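Numbering-wise (my numbering), the sequence shown opens with residue 90 and increments by one.
Glycine included, C-beta positions come from ideal geometry on N, C-alpha and C.
These numbers were taken from a predicted model, which means no experiment stands behind them.
One structure is given here, and the rest of the page talks about it.
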Amino acid sequence: MRLIFCLFLLSCSLPCIASTGEPGLLFHLSGDREFAADYAAGGDPQPTYLRDVKIIPDGASGRGFECAGTQLMSYRAPGNIYAERGTLAFSWRSREPVGPTPFPIFRVGYADHSSWDMVWLRIDYNGRGGFDAFVTDINLARIRVSYALPAFPKPDEWVHLALAWDETRGIRFYVNGVLAAKQDARAVLYAGLDQFGPHSRIISPYQVQSAYNFVRGGDIDEIRIYDRMLSDENVASVAKGVAPREVAALGRDLSKPEWRDEWWVRYGWNRKGDAPPILAAERTAVRKVEIHDVYDIKRWWWKATDGIRETTWPGVYNRSRLAGRNDYFQLPDWDCYSLSGKSVTFTMPEEPWNHLEISGAAWGKMSLEGDRAESALFRRPKSQEKTFHRLPSPIRGRKIRFENVEQEEPIGELSAYNVGPGSEPQGTARLAYTLRAANAEPHDGSLEPVAKFIAGRHTAEERSTMTAVAGDNALARSGAAHQTFTALQMQAGGTLPLVHILIPAGGWQSESGGLDGIGIDLPPLRVKPTHGAYFPLNVQVKDPLWLQRNLLDFSFSVSPGQARTLWLDTRDRILPPGKALYIAIAGASSDFNAASLEGARVRLIFKSRAQAVKQHELDRFTQARDSYAMLVEERPNNPRLNLYNRFAADVTDLLRVSPNHWLGQAYWYDIDKTHPKPAFMQPAAPDGVPLWAFRQVEQLGNLKRFVLWYVDRRQIGNGEFGGGLSDDGDLTNTWPGTALMGSEPEKIKESLSRQMEAFYEQGLFTNGLSTIQTDELHSYEEGIQVLGQSLLLDYGNPKQLERAMETSRALINLTAINGAGHRHIRSTYFSGTRMAEEEPWGWSKPHSYLAFHPSALLVEYNGNPRMKKIITELADGLLAHRKKDASGKYTLNATVKFQTDEDKPPAQGRVWPIFWAAWRWTGDAKYLQPYRDEGPQSLSTIPSNALDEMGVRQTWADAIKTAASKPESSNYAALHLAWQVTGDKRFLESLYAAQIEASALREYINTEGSLWIDRVAVPEAELQRARLGGVALTRNSIYPGQAVSWKFQAPAGDESVAILIPNATGDALKVIAYNLSGSWVKANMTAWGLEPGRWEIMQGIDSDGDDSADGITSTSTTELERAGEVALTFQPRATTILNLKLISKGTPYHERPDLGIGKDDVVVQGGNITVTVHSLGAADSPPTELALLDKTGKVISSIRIPALKAPADLLPKTVTLTLSVPARSRMAGASVVIDRE
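Put into structure tokens, the structure is as follows:
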């Protein structure tokens, strides 16, 4: 369609449309009441979040809003916008010129979801001189349009945008009142919505934020939302600032096919010959069978069984195959395997079940797993929203697995029941009610939140409401007095067959037991059959604690005119005080309404508290576990955010009923350390074992157990851990340090190697950088950080070093010398193929330097002069922004605009590793100035033993001891440093005790809690400082500081020996080691941060605890250099002291040639072996020999390696050679060796 575009300025002189009495209007924000909405049908006109937004006088019509790049501006969605249909309209101007970089203009967030940003609707500037707009269906796909304008409006010109949607028609997008693009579609859009607002990175129930690359604001005005898809004429009128004169009534009634079909699809009644099972018995028992264990490959993923339709299995893959999802914002956080969405396994509890209900678009086969084989239960059809599956006979327990035909098509909810003839039990107590149609607003306080929820979630046609009025047997128990309640009533309204039943909370406030279930007497329905002889119904019992969650969602059919009694055996609940119960019953035609249920009886059946607590406790804990797994990614602790409210409600309700639930206490403490801490008892050291030594290896064991849990329980064959590869890489920052401390080094190295290959195999790298365009932090997390990890653990492998060269070449282009003569990074929003340099992305920020992690390790390896120059010039550029503030203190404004050299204080992150690297390579003291400006607290940011490297052991000692004396047990670095400056191991005892407790409190949460994987951690930095003499790697610390590493010979292991390195420099090292075992321990110590040359090693036993060898010592000398090993032995139950000293220097690392072969470089083909040799060193490599040796070291074949240039230009230098293998050569155990002499 060709749109004739006519741009016009919506000036202040245009009339403002009235906010009251306008048909269909739900929300209006003009600025005339500042930030309060002129009209908000949802009831609250105030913003939920507001920051960095100004009222401006020159809006599109009167006042408007200027939204800065860091703006927060959001309003509540319930009642102000509905997902099924509506129209969003507003005026917008760019304020700054637009370029080729897309950015969001408006977004609406789901009430809950399984995607990171939870976006339901978005309107964007698309980077192509136009706009994109979409809404998301309940099954994750997007109905999307894109439009490019003939000429984009100037920065000071207002443009009117409108998006209209209807789940029976699709979407329509308008520019300045003219239809610009449309997509016809039928989809289920019905869903809960949370908040909406302009621009932003995320507006959701767990975060409202503008940050990273989502910092492009603009001006906005006249935000209007309607409850229906407006006509073209209506939108044209709104765009001119004139109220639409004629707005077509919706008239939703199931007598019309379009509304009937919409309704039937929502409830699963749309398939011919597939009505829900009939209630054949007069009395039917429906028992909810709760599923607590669901696994997506190797990850616990409960969101398809949580009772909340908006959440799904699987999580949302960032390069999704679903329609409309994979766009220019490929989010780096995706929280699932790339293989997720193929199959999911449900562990059924040990009780009978025979009925499954499934919501979502997933289609495929459901199988029952057996001991030897599996059997098909049923096939779920394509293009459905809800299906129901009654099995021929009940099954007890077992596992069921759903196999998807189309990967990623979601299951929004799978619930299990056992259905059969049966009556409700007598119970320990019961409350009886009669249903009456409501005709006034409720006066009972417990009903008001329910009424508000109904109005916020359901349009006016879906609000038919009844109140349960207590009967003459209100509290029936032996000897109990009957109670009578006043009828609490609400507006009845509603033309669609959905009846909301509200049960006031007053009746059970004195009841000590738990709710066992609900009995409902359905009267003979005066309805016409819609599906053969039957009439389908659906009943949902809402969780009184969280109304978006169903306790039960059951579909069935009845024969018109037949009364039926249902015993809804819900999960047991100790009902929360003051919370009403809420039941919703839907029917298949408008014959069904509140009048159909007038006079129906409802009974609440209670059981003893002791019996009810079991299910209540298990369910509430599982719900809290699941919600925390999601919300921890953004870590909200704020009642303005509903995902936090859901978690808080679940965990506090758990603790209300089971106050001593230790894991519940642990979760509640984890989100807010002001909450009570769970009880914890420190493990006791064996007699005679120094407490510091015992606690160190105890914490090392915690760390190793954490790492191996993920390797064994979460990692799959392709290397992924199930948190999305980018966040998986955050997790594996823990791998190098753990392995280097001697904890399962080969297993951990192999795990990291598999993960590294996944990044390349799945295309996350392009030209050495992130394939997706993303911000300065997440571009690092898209694989660059794992390359840095691999350069440590897969040390010297040509593949990793040449990958680092490729990344380094790309990074050079990311930097340049600006007009001020400083080298700075040019963009905070880039990929391997794109770079945004226009405002606001043409800056560098502290996290920008993380991408130089592989480059720093490359320079450390071979002194590459090109990258050394680039990185030191970046450090110089940053030092140019070191300035004195008003108080005379130096500060470093590390956020710098490339074009102008403008700077400002950083919002987050530090640039210290760049300075430390520059100092190590040059020795120039100017690079230490930022650390000296910061003082002793900067020591925790330095990976090496800076106390001695910087010469501040004496000058900063008092400040360190003061910091360590503070009661905050989390000041781990200060406690370690205090031991270093005093030698008092009580600081270490306190340090490790605090870390042991922290690890214990979070062990379940870190593992079985199934958190976003970048939010799991075990304290480790101080262990590395103690055992390695520095930190090899922690998250976002890109320069290695370890002096040595360790391997232990079986039967000994990493936990056999506690190790302290009080001081380590390039020419001296001291080791204190206590052997906790009863046997001699053999270990290999590998050099890392030590200068090459001849070293003297003195070894002895410390018998009196003064950290010095007593009596006889042994002295030896050895050649030692990086990656070289020293064999050591440690006496049982004794403290060994090692003092190493450089006595003569060798050839510096950065003056050497180096040749390398990786395992992928050796290829056996028939009688030949092809070998690729790589030049990796600082100097050109002279000719030498490549030899094939048998297992005894005898030469089988050899060939000359020609001279090779050093890769100073960051391009690989290789030669491929072929070794001929003589016939009958014994190749078992053979090896290929360079320069065997």
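Quiz item: When we look at the beta-carbon of Ala222 and count the other beta-carbons within 10 Å, is it buried (16 or more) or exposed?
Solution: As a working note, residue 222 is residue 133 in the sequence shown. Ala222 counts as buried, since at least 16 other C-beta atoms from the protein chains shown sit within 10 angstroms of its C-beta.
Self-check item: Simplified DSSP assignment, three categories, for Met719
Solution: By 1-based counting over the sequence shown, the position of residue 719 is 630. It is helical.
Quiz item: Can you tell which of Leu1077, Val383, Pro499 and Gly921 has its C-alpha closest to the C-alpha of Gly430?
Solution: Numbered from its first residue, the sequence shown carries residue 430 at position 341. Out of Leu1077, Val383, Pro499 and Gly921, Pro499 has the C-alpha closest to the C-alpha of Gly430.
Practice problem: Measure the C-alpha to C-alpha separation of Arg313 and Asn731 and round it to an integer number of angstroms. | Solution: In the sequence shown, residue 313 corresponds to position 224, counting from 1. In the sequence shown, residue 731 corresponds to position 642, counting from 1. Roughly 24 Å separates the two Cα atoms.
Practice problem: Assign His942 to one of three DSSP states: helix, strand, or coil. | Solution: Walking along the sequence shown from the start, residue 942 turns up at place 853. Helix at His942.
Practice problem: In the DSSP assignment, find the unbroken alpha helix (DSSP H) run with Arg959 in it and report its ends. | Solution: For the purposes of this step, residue 959 is identified with residue 870 of the sequence shown, where counting begins at 1. For the record, residue 959 in the displayed sequence is Ile; it is not Arg. Ile959 -> alpha helix (DSSP H) spans Pro954 to Leu968.
Self-check item: Limits of the unbroken alpha helix (DSSP H) element including Met845
Solution: Looking up residue 845 in the sequence shown gives position 756. Counting along the chain, the alpha helix (DSSP H) containing Met845 begins and ends at Pro834 to Glu850.
Quiz item: Per DSSP, Arg507 forms a beta bridge with which residues?
Solution: Along the sequence shown, one-based indexing puts residue 507 at 418. It is Asn, not Arg, that sits at residue 507 in the sequence shown. In DSSP, Asn507 forms a bridge with Arg376.
Quiz item: Measuring CA to CA, which of Ile1094, Phe467 and Ala905 is closest to Phe453?
Solution: By one-based count along the sequence shown, residue 453 stands at place 364. Rather than Phe, the amino acid found at residue 453 in this sequence is Gly. Nearest option by C-alpha distance: Phe467.
Quiz item: Given that a residue counts as buried once 16 or more other Cβ atoms are within 10 Å of its Cβ, and exposed if not, what is Val1284?
Solution: Against the sequence shown, residue 1284 aligns to sequence position 1195. By the neighbour-count rule (16 or more Cβ atoms within 10 Å), Val1284 is not buried but exposed.
Quiz item: Got a sec, what are the start and stop residues for the beta strand (DSSP E) Pro1002 sits in?
Solution: Looking up residue 1002 in the sequence shown gives position 913. Careful: Pro1002 lies outside any beta strand (DSSP E), inside the alpha helix (DSSP H) at Trp1001 to Thr1011.
Quiz item: Does the distance from the CB of Ile1186 to the CB of Leu1231 come in under 8 Å?
Solution: Indexing the sequence shown from 1 puts residue 1186 at position 1097. Indexing the sequence shown from 1 puts residue 1231 at position 1142. No, they are not a contact pair.
Quiz item: According to DSSP, which residues form a beta bridge with Cys425?
Solution: On the sequence shown, residue 425 is found 336 positions in, with the first residue counted as 1. Bridge partners of Cys425: none, in fact.
Self-check item: Nearest-angstrom Cα separation, counted from Leu524 out to Phe736
Solution: Locating residue 736 in the sequence shown gives position 647, counting from the first residue. Locating residue 524 in the sequence shown gives position 435, counting from the first residue. The alpha-carbon separation between Phe736 and Leu524 amounts to approximately 33 Å.
Quiz prompt | Whole-angstrom distance between Leu820 and Gly1182, CA atom to CA atom | solution = For the purposes of this step, residue 1182 is identified with residue 1093 of the sequence shown, where counting begins at 1. For the purposes of this step, residue 820 is identified with residue 731 of the sequence shown, where counting begins at 1. One C-alpha to the other measures close to 36 Å.
Exercise. Identify, in the order they occur along the chain, each residue of the same chain with its Cβ nearer than 6 Å to the Cβ of Glu723, setting aside the five sequence neighbours on each side.
Key: Taking the first residue of the sequence shown as position 1, residue 723 is located at position 634. The answer, listed in chain order, is Tyr295 and Gln296.
Quiz item: In terms of DSSP beta bridges, what is His589 paired with?
Solution: Residue 589 sits at position 500 when you count from the first residue of the sequence shown. For His589, which the question treats as bridged, DSSP gives the partners Thr554 and Ala673.
Exercise. Give the range of the alpha helix (DSSP H) segment to which Thr159 is assigned.
Key: Taking the sequence shown and counting its residues from 1, one reaches residue 159 at position 70. Where Thr159 is concerned, there is no enclosing alpha helix (DSSP H), although the beta strand (DSSP E) it sits in stretches over Gly153 to Arg165.
Quiz item: Under the three-state reduction of DSSP, which class applies to His911: helix, strand or coil?
Solution: Position 822 of the sequence shown, counted from the first residue, corresponds to residue 911. Looking at His911 - three-state DSSP - the assignment turns out to be coil, as it is neither helix nor strand.
Exercise. Measure from the alpha carbon of Glu927 to the alpha carbon of each residue in Lys934, Ser916, Val746 and His936, then state which is nearest.
Key: Within the sequence shown, residue 927 is the residue found at index 838, counting from 1. Nearest option by C-alpha distance: Ser916.
Self-check item: Closest residue to Ala280 among Trp656, Gly545 and Arg1114 (Cα-Cα distance)
Solution: As a first step, residue 280 is located in the sequence shown; it is residue number 191 there, counting from the start. Nearest of Trp656, Gly545 and Arg1114 to Ala280, Cα basis: Gly545.
Quiz item: If you draw a straight line from the alpha carbon of Asp1196 to that of Gly831, how long is it in whole angstroms?
Solution: Counted from its first residue, the sequence shown places residue 1196 at position 1107. Counted from its first residue, the sequence shown places residue 831 at position 742. For Asp1196 and Gly831, the distance between alpha carbons rounds to 23 Å.
Exercise. State the Cα-Cα distance for the pair Leu115 and His547, rounded to the nearest angstrom.
Key: As a first step, residue 115 is located in the sequence shown; it is residue number 26 there, counting from the start. As a first step, residue 547 is located in the sequence shown; it is residue number 458 there, counting from the start. Each residue's alpha carbon lies about 13 Å from the other.
Quiz item: Does the separation of the CB atoms of Gln1084 and Gln771 fall below 8 Å?
Solution: Here residue 1084 corresponds to residue number 995 of the sequence shown, with the count starting at 1. Here residue 771 corresponds to residue number 682 of the sequence shown, with the count starting at 1. No; because the gap between Cβ atoms is not below 8 Å, this pair is not in contact.
Quiz item: Along the chain, which unbroken stretches of the beta strand (DSSP E) at least 3 residues long are found entirely within the stretch 178-205?
Solution: 192-199
Practice problem: Look up Val383 in the DSSP assignment and say whether it is helix, strand or coil. | Solution: Walking along the sequence shown from the start, residue 383 turns up at place 294. Strand, per DSSP.
Quiz item: Can you check whether the CB of Arg275 is closer than 8 Å to the CB of Thr257?
Solution: For the purposes of this step, residue 257 is taken as the residue at position 168 of the sequence shown. For the purposes of this step, residue 275 is taken as the residue at position 186 of the sequence shown. Yes. Within cutoff.
Exercise. State the DSSP-derived secondary structure class of Asn886, mapped to helix, strand or coil.
Key: Taking the sequence shown and counting its residues from 1, one reaches residue 886 at position 797. Three-state DSSP puts Asn886 in coil, outside helix and strand.
Quiz item: Whose C-alpha, out of Trp1169, Glu551, Tyr869 and Ile292, is nearest the C-alpha of Pro725?
Solution: Your numbering for residue 725 matches position 636 in the sequence shown. Checking every option, the nearest Cα to that of Pro725 belongs to Ile292.
Self-check item: Given Lys329 as reference, the closest of Gly396, Asn169, Arg349 and Val267 once Cα atoms are compared
Solution: Numbered from its first residue, the sequence shown carries residue 329 at position 240. Among Gly396, Asn169, Arg349 and Val267, the Cα nearest to that of Lys329 belongs to Val267.
Exercise. Pull up the distance between the alpha-carbon of Tyr171 and that of Val1105, whole angstroms please.
Key: Residue numbering aside, residue 171 sits at position 82 when the sequence shown is read from its first letter. Residue numbering aside, residue 1105 sits at position 1016 when the sequence shown is read from its first letter. Cα-Cα distance, rounded: 36 Å.
Quiz item: Are the Cβ atoms of Arg709 and Asp395 separated by less than 8 Å?
Solution: The residue labelled residue 709 in the question sits at position 620 within the sequence shown. The residue labelled residue 395 in the question sits at position 306 within the sequence shown. Going by C-beta atoms, Arg709 is not nearer than 8 Å to Asp395.
Exercise. Give the straight-line distance between the Cα atoms of Val264 and Asn1125, rounded to the nearest whole angstrom.
Key: Taking the sequence shown and counting its residues from 1, one reaches residue 264 at position 175. Taking the sequence shown and counting its residues from 1, one reaches residue 1125 at position 1036. Going from the Cα of Val264 to the Cα of Asn1125 covers about 44 Å.
Quiz prompt | Cβ pair Ser976, Ser944 closer than 8 Å | solution = For this step, residue 976 is matched to residue 887 along the sequence shown. For this step, residue 944 is matched to residue 855 along the sequence shown. Taking 8 Å as the Cβ cut-off, Ser976 and Ser944 do not qualify as a contacting pair.
Practice problem: Go ahead and label Leu1300 buried or exposed: buried means 16 or more other beta carbons lie within 10 angstroms of its beta carbon, across all protein chains shown. | Solution: Here residue 1300 corresponds to residue number 1211 of the sequence shown, with the count starting at 1. Exposed: under 16 other Cβ atoms inside 10 Å.
Exercise. Going by DSSP, name the residue or residues bridged to Asn1173.
Key: On the sequence shown, position 1084 is the one that residue 1173 refers to. Bridge partners of Asn1173: Lys1136 and Ala1216.
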